[in-house]
Amino acid sequence: MEDVTAGPDDAGQRLDRFLSAALDGTVSRSRLKALIEDGRVTVNDTVVREPRRSMRKGDVARIDLPPPADPEPQAEAIALSVVYEDDTLIVIDKPAGMVVHPGAGNPTGTLVNALIHHCGDTLSGIGGVKRPGIVHRLDKDTSGVMVVAKTDAAHKHLSGQFADHGRTGAMERTYQALVWGAPDRNAGTIATHLGRSGSDRTKQAVVSESQPDARHAVTRFSVETRFGPPAKPVASLVACTLETGRTHQIRVHMAHIGHPLIGDDVYGAGFRSKARAVPETARAAVEALGRQALHARTLAFIHPSTGDLMRFEVAMPADMARVAEELRRI
588 MEDVTAGPDD AGQRLDRFLS AALDGTVSRS RLKALIEDGR VTVNDTVVRE
638 PRRSMRKGDV ARIDLPPPAD PEPQAEAIAL SVVYEDDTLI VIDKPAGMVV
688 HPGAGNPTGT LVNALIHHCG DTLSGIGGVK RPGIVHRLDK DTSGVMVVAK
738 TDAAHKHLSG QFADHGRTGA MERTYQALVW GAPDRNAGTI ATHLGRSGSD
788 RTKQAVVSES QPDARHAVTR FSVETRFGPP AKPVASLVAC TLETGRTHQI
838 RVHMAHIGHP LIGDDVYGAG FRSKARAVPE TARAAVEALG RQALHARTLA
888 FIHPSTGDLM RFEVAMPADM ARVAEELRRI
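Just so we're aligned, residue 588 is where the sequence shown starts under our numbering, counting upward by one.
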């Protein structure tokens, strides 16, 4: 059983969309719809079978998640966009909509299932049965570049680099984000503490350093393009570089400074009216996106075996590029 409570920003959201966000994308909306229609979801202790049911602040939804049929991920012939591969590691361009590893409601169709098929038994086992080779992850609805370890030695080496976050080494992770409005500076640093939200335990929030689960979080940003009138941009394309790797860090930080990601119904729900204010073609592109406009563009690290600096950059996917193109027309 999973209990989730609707906060102020969740008011008006569809039940299936609310649950998807609350469960951090670990259960697909199609799966949630089936569970709702099957009577496995209650709201305020009443069974609800309508996925479109509108949430209100304070509503408590409970979902009965059946266990996966098979606890061990199986190989699946899912196409991968391989950027680079050798005997030590593989670098892929993960599409939006793909969950990284199996979890509740997603026993199949994940990146891990695809990697097992592609790499066979060469993946590192340090991550466990369900996460072979996985040293870092991207949210389901975030696209972009990822590295996966094929050997235990590579797994340990890469994990150390990710833990350091480039403070003393060559590790670099840069994301592209389309955000509402534009920061008043061309570049800056957001340094806060992040922890579980007091109003909704499924969300992260900027919290006091004294909160028990508070973790220091630092994001550097630079504005690459401003869309709309120079005096009051409608939106902007921002590059974000992580100095720490906290859950939903970029999404929370950009919302914290007043510029949430376009399409982010979890941290940018209060900006839904922005989409209605842009021209019809741009509004249609945003609605078609159906996710937060976040893409992992660049990943750099030291190769665990050769010691060479490896740097990979992948272009933003078509759905996000279309939103940017429509915004440029404003």
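Every residue, glycine too, gets a C-beta built ideally from N, C-alpha and C. For clarity, every value in this text was computed on a predicted model and none was experimentally measured.
- Please classify Q833: does DSSP put it in a helix, a strand, or coil? If you number the sequence shown from 1, residue 833 lands on position 246. Checking the displayed sequence, the identity of residue 833 turns out to be Arg instead of Gln. It is coil, neither helix nor strand.
- Proximity winner among D851, R640 and T893, relative to R601 (alpha-carbon distances): In the sequence shown, the residue the question calls residue 601 occupies position 14. Considering only alpha carbons, the answer is R640.
- Query: When DSSP labels each residue in this structure, what does K790 get in the three-state scheme?
  - Reply: Sequence index remark: in the sequence shown, residue 790 carries index 203 (1-based). Here K790 sits in coil by DSSP.
- Message: Measuring alpha carbon to alpha carbon, tell me which residue in G599, A869 and V687 is nearest G815.
- Response: Along the sequence shown, read from residue 1 onward, the residue named residue 815 stands at position 228. Residue A869 is the option with its Cα nearest to G815.
- Note down the Cα distance separating R802 from H780, rounded to an integer number of angstroms. In the sequence shown, residue 802 corresponds to position 215, counting from 1. In the sequence shown, residue 780 corresponds to position 193, counting from 1. Taking the straight line joining both Cα atoms gives about 5 Å.
- Query: Considering only the beta carbon of each residue, do A883 and S730 sit closer than 8 Å?
  - Reply: By one-based count along the sequence shown, residue 883 stands at place 296. By one-based count along the sequence shown, residue 730 stands at place 143. Closer than 8 Å, so yes.
- Would you decide whether S607 is buried or exposed? Buried here means 16 or more other CB atoms lie within 10 Å of its CB. Here the question's residue 607 lines up with position 20 in the sequence shown. Per the 10 Å Cβ criterion, buried.
- Item | Alpha-carbon to alpha-carbon, A598 and S823 | Walking along the sequence shown from the start, residue 823 turns up at place 236. Walking along the sequence shown from the start, residue 598 turns up at place 11. Rounded to the nearest angstrom, the two C-alpha atoms are 27 Å apart.
- Could you check the C-alpha separation between M685 and G747 for me, to the nearest Å? By 1-based counting over the sequence shown, the position of residue 685 is 98. By 1-based counting over the sequence shown, the position of residue 747 is 160. About 25 Å.
- Query: Closest to T831 by CA distance: which of F888, D800, A764 and E759 is it?
  - Reply: By 1-based counting over the sequence shown, the position of residue 831 is 244. Measuring from the Cα of T831, the nearest candidate turns out to be E759.
- Item | Residue environment, V839, which counts as buried when at least 16 other CB atoms sit within 10 Å | Numbered from 1 along the sequence shown, position 252 holds the residue referred to as residue 839. Label assigned to V839: buried.
- Is T613 buried or exposed, if buried means 16 or more other CB atoms sit within 10 Å of its CB? Counted from its first residue, the sequence shown places residue 613 at position 26. Counting of Cβ neighbours within 10 angstroms places T613 among the buried residues, the total reaching 16 or more.
- How would you label A778, buried or exposed, when you count the other beta carbons within 10 angstroms and need 16 or more for buried? Mapped onto the sequence shown, residue 778 falls at position 191. Residue environment: A778 is assigned as exposed (fewer than 16 neighbouring CB atoms within 10 Å of its CB, all protein chains considered).
- Using beta-carbon positions only, say whether V793 and H843 come within less than 8 Å of one another. By 1-based counting over the sequence shown, the position of residue 793 is 206. By 1-based counting over the sequence shown, the position of residue 843 is 256. Yes, they are a contact pair.
- Query: Looking only at DSSP bridge pairs, what is N693 linked to?
  - Reply: If you number the sequence shown from 1, residue 693 lands on position 106. Answer is G690, bridged to N693.
- By DSSP, does D651 sit in helix, in strand, or in coil? Residue mapping note: residue 651 aligns to position 64 of the sequence shown, counting from 1. If DSSP states are grouped into helix, strand and coil, D651 belongs with coil.
- Task: Decide yes or no for the touch test of the region 784–799 against the region 871–878: beta carbon pairs closer than 8 Å, at least 3 of them.
- Result: Contact fails: fewer than three Cβ-Cβ distances are below 8 Å.
- Query: Among V628, Q836, G855 and D852, which has the Cα closest to the Cα of Y762?
  - Reply: Looking up residue 762 in the sequence shown gives position 175. The residue with the shortest Cα to Cα distance from Y762 is Q836.
- Item | In DSSP terms, what L559 is bridged to | With the chain covering only 588 through 917, there is no way to say anything about residue 559.
- Message: Report the start-end ranges of each beta strand (DSSP E) in the region 846–908 that is 3 residues or longer and not cut off at the edges.
- Response: 881–889 and 896–900
- Simplified DSSP assignment, three categories, for T613: Taking the first residue of the sequence shown as 1, we reach residue 613 at position 26. Three-state DSSP puts T613 in coil, outside helix and strand.
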